[in-house]
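Visitor:
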Amino acid sequence: MKINNFFESFLKKDSFFMNKAALMPAYMPSAVVYREEQLQEVANILAPALRLEKPSNLFIYGKTGTGKTLAVKHVLESMNEIAVKNKIKLKTVYINCKLKRVADTEYRLVAQLIKDFGQDVPSTGLPTDELYNLFYQLLDNEEQLLLLVLDEIDHLTKKIGDGVLYNFTRINAELKKAQICLLGISNNLIFAENLDPRVRSSLSEEEIVFPPYNALQIQDILRKRADTAFKEGAVQSGVIEKCSAYAAREHGDARRAIDLLRVAGEVAERSGAAEVGIIHLDEAERKIESDKIINAATSQPKQFQLVLYAIFLISPQKKNIFTGEIYELYKSLCTRSKFNVLTQRRVSDILAELDMLGIINAKIISKGRYGRTREVALAIEETVLFKLKEILEKSLNLSS
DNA sequence: AGGTATTCACATGAAACTATTCTCTGAGTTAGG
DNA sequence: TAACTCAGAGAATAGTTTCATGTGAATACCTGT
Numbered sequence: 005m006k007i008n009n010f011f012e013s014f015l016k017k018d019s020f021f022m023n024k025a026a027l028m029p030a031y032m033p034s035a036v037v038y039r040e041e042q043l044q045e046v047a048n049i050l051a052p053a054l055r056l057e058k059p060s061n062l063f064i065y066g067k068t069g070t071g072k073t074l075a076v077k078h079v080l081e082s083m084n085e086i087a088v089k090n091k092i093k094l095k096t097v098y099i100n101c102k103l104k105r106v107a108d109t110e111y112r113l114v115a116q117l118i119k120d121f122g123q124d125v126p127s128t129g130l131p132t133d134e135l136y137n138l139f140y141q142l143l144d145n146e147e148q149l150l151l152l153v154l155d156e157i158d159h160l161t162k163k164i165g166d167g168v169l170y171n172f173t174r175i176n177a178e179l180k181k182a183q184i185c186l187l188g189i190s191n192n193l194i195f196a197e198n199l200d201p202r203v204r205s206s207l208s209e210e211e212i213v214f215p216p217y218n219a220l221q222i223q224d225i226l227r228k229r230a231d232t233a234f235k236e237g238a239v240q241s242g243v244i245e246k247c248s249a250y251a252a253r254e255h256g257d258a259r260r261a262i263d264l265l266r267v268a269g270e271v272a273e274r275s276g277a278a279e280v281g282i283i284h285l286d287e288a289e290r291k292i293e294s295d296k297i298i299n300a301a302t303s304q305p306k307q308f309q310l311v312l313y314a315i316f317l318i319s320p321q322k323k324n325i326f327t328g329e330i331y332e333l334y335k336s337l338c339t340r341s342k343f344n345v346l347t348q349r350r351v352s353d354i355l356a357e358l359d360m361l362g363i364i365n366a367k368i369i370s371k372g373r374y375g376r377t378r379e380v381a382l383a384i385e386e387t388v389l390f391k392l393k394e395i396l397e398k399s400l401n402l403s404s
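If you're matching positions, the first sequence starts at 5 in my numbering and goes up one per residue.
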C-alpha cells in the first residue's frame with residue numbers, strides 16, 4: 005500500500021525532465037557546434053571517397069569530451085546520405101574498440117566487421133586468418149570503398165599491439181576491386197609514438213587535433229542540451245554556468261559537464277526540490293565520483309576485491325602500505341575464506357590495475373637498502389570507503 | 001670524509017600454462033527404406 | 001544409406017604461474033687523508 009502511494013505520487017509529481025535522452029551519453033544532437041573548422045577539415049579529407057577514390061588515412065586526436073566521435077559520426081552520416089542518394093558504393097563502418105566483448109581483440113574486431121557486412125561468425129572456434137579471408141571476400145566481391153572508423157584505437161593497441169593495424173594498412177595492396185580507408189580516433193595525444201613506424205606513417209597520413217572546449221562554449225552546448233532535456237524553468241539560473249565552469253576547469257570535457265547536469269537533475273528530482281539548484285550540482289559531483297569508484301570496484305573479479313579489502317583493513321593504522329604487507333594479509337584472508345591464493349607477481353599487477361582505476365594511489369619507491377616496492381594509499385573518501393567496504397564484505401561473504 | 005659496491009624487496013617482462021567456450025570433423029550409431 | 005550423435009582436435013581468450021631479469025638508493029665497506 006505504501007508502495008502504491010509512492011508510485012501514485014511519483015506519477016502526479018511531474019518531472020523536471022522533458023526529454024532526458026538529450027543528456028545521455030548516446031545522444032546525437034542535430035548540429036555540432038564550435039567544431040566547424042574540424043568538421044570541414046574532416047570533410048575535406050574524406051570527400052574523395054564519394055568519387056570512390058581512396059582518401060588519405062586520417063587520424064584524429066583530442067581529449068575526452070571534445071566532440072571527436074560526434075563530429076566524425078556527423079560527417080559519416082551525411083556522406084552516407086549522399087552516397088545513398090547518388091548510388092555510390094561507399095560503405096562506412098564505425099567501431100568502438102573499447103567495448104568489451106565486442107571489438108577489443110583482433111578476432112572480435114574482424115568478426116564485428118564481418119557482421120557489418122551482414123554475415124555472422126561464431127564468437128570463437130575459428131582461426132583468425134579464416135576470418136580475414138572471409139572479410140576479404142566480402143569486401144572484394146564488388147567495387148566499393150570502405151571507410152573504417154576505429155574509435156578509441158589506443159585501447160586496442162594497448163591491449164593487443166599494433167599488428168592488427170599493420171594488417172589493415174596492408175589490406176589495400178591485396179584487394180582487387182575494393183578499397184579501404186582507415187580513420188582512427190584516439191584520446192591519447194602521444195598514442196602514435198609507441199607505434200610501429202610503418203603503421204604510424206601509413207595510418208596518419210593526415211592528422212587533426214580537436215582542442216578542448218572553453219568555458220563559454222561548454223556553457224552554450226550545455227544550454228542547448230538543457231533546453232531540450234528540461235522543462236521550462238526547471239533549472240535555476242546560474243546552474244548551467246557553474247556546471248560548465250566545473251567542466252572547463254577539468255579539461256574542457258563536455259561529456260562530463262552533461263553528465264553532471266543530468267545527475268544534478270536526478271538528484272534534485274529525487275529530493276523533491278522545486279527546481280535544479282546549485283546545491284544539487286555539488287551533490288551530483290560527489291555522487292558521480294563515488295558511483296564511478298564503487299562501480300569500478302564491484303565490477304572487478306573477486307581476487308581484486310580481496311586485495312582491495314586487505315588494503316582497507318590495513319589503511320586505518322598505516323598511512324603508507326607496502327606490497328609485502330598487503331600480500332601477507334591478502335594471503336591470510338584467502339586461506340581464511342577459502343579462496344585460492346595468487347602469486348605475489350599477480351598481486352603486484354592487481355595493485356597496478358587498482359591504481360589505474362583510481363581506487364588507490366600506488367607509487368613505486370625505493371627504500372634503499374630495504375628494497376623497492378609500491379607505496380599504496382587509498383584514494384577514496386571516508387563515506388565511500390565505508391559503503392564500499394560493506395559491499396565487499398557482503399560480496400566476499402566475510403565479516404569481522 | 002668521500003667514493004664504490006652490495007643488497008634488499010620487490011617491479012617488470014616474457015613465455016608458458018589452465019580453464020572455458022566455441023567450432024569443425026570424422027567415426028560410430030540409428031532409423032527408415 | 002542418409003541422418004544423427006558424440007568425442008576429440010583446434011582456436012580464442014582471460015587469468016594465472018614460472019622463470020628471468022631489472023632497479024633505486026640506503027647501507028656496508030673501502031680508501032686515502
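Ideal placement from N, C-alpha and C gives every residue a C-beta, glycine not left out.
Please read all numbers here as calculations on a predicted model, not as lab measurements.
1. Can you tell me whether M360 is buried or exposed? The criterion is at least 16 other CB atoms within 10 Å of its CB, across all chains shown.
2. Rounded to whole angstroms, what is the Cα-Cα separation between V441 and S370?
3. Is it buried or exposed for P29, if we count other Cβ within 10 angstroms and need 16 for buried?
4. E45 to A366, Cα distance in whole Å?
5. Tell me the rounded alpha-carbon separation between I86 and Y31.
6. Is the separation between the beta-carbon of A25 and that of R229 shorter than 8 angstroms?
7. Check the DSSP bridge columns for S190 and list the partner residues they point to.
8. Tell me whether N61 is buried or exposed, calling it buried when 16 or more other Cβ atoms sit within 10 Å of its Cβ.
9. Helix, strand or coil for E236, going by three-state DSSP, please let me know.
10. Does DSSP put L170 in a helix, in a strand, or in coil?
11. Just tell me which of L74, G276, Y313, L117 has its CA closest to the CA of L392.
12. Give me whichever residues DSSP pairs with I184 in a beta bridge.
13. For T132, which of helix, strand or coil comes out of DSSP?
14. Spatial neighbours of L138 within its chain, please: CB distance less than 8 angstroms, with the 5 preceding and 5 following residues excluded, ordered by chain position.
15. Expressed to the nearest angstrom, what Euclidean distance is found between the alpha-carbon atoms of S19 and D286?
16. For the beta strand (DSSP E) that A381 lies in, which residues bound it at each end?
17. What is the residue span of the beta strand (DSSP E) that E156 lies within?
18. Just checking, does the stretch 47–66 make contact with the stretch 187–204 on the three C-beta pairs under 8 angstroms criterion?
19. If I follow the unbroken beta strand (DSSP E) through Y98, where does it start and stop?
20. Pull the bridge partners of N84 from the DSSP assignment, please.
21. Quick check on R253: buried or exposed, where buried means 16 or more other Cβ atoms within 10 Å of its Cβ?
22. By the three-class DSSP mapping on this structure, what secondary structure does V267 have?
23. Just to confirm, are D108 and L154 a CB contact at a threshold of 8 angstroms?
24. State whether the stretch 254–262 contacts the stretch 219–234, with contact taken as three or more CB pairs (one from each stretch) at a distance under 8 angstroms.
25. Would a C-beta distance cut-off of 8 angstroms place G362 and F214 closer than the cut-off?
26. Which residue wins for smallest C-alpha separation from A261, given the options E156, A251, N8?
Guide: Here's the rundown:
1. With fewer than 16 other Cβ atoms within 10 Å, it is exposed.
2. Nothing about residue 441 can be reported from this structure: the residues present for the chain run from 5 to 404 only.
3. exposed
4. 42 angstroms
5. The C-alpha of I86 lies about 23 angstroms from the C-alpha of Y31.
6. no
7. Y65
8. Buried, since its Cβ has 16 or more Cβ neighbours within 10 Å.
9. coil
10. Note on residue identity: the sequence assigns Tyr, not Leu, to residue 170. Helix at Y170.
11. Y313
12. Looking at the DSSP output, I184 shares a beta bridge with L150.
13. The answer is helix: DSSP assigns T132 an H, G or I state.
14. I118, Q123, V125
15. 21 angstroms
16. Element bounds for A381: 376–382.
17. Here E156 belongs to no beta strand (DSSP E), and DSSP marks it neither H nor E.
18. yes
19. Segment 94–100, the beta strand (DSSP E) holding Y98.
20. Looking at the DSSP assignment, N84 forms no beta bridge with any residue, so it has no partner.
21. exposed
22. helix
23. no
24. yes
25. In this structure, G362 keeps its C-beta atom at 8 angstroms or more from the C-beta atom of F214.
26. A251
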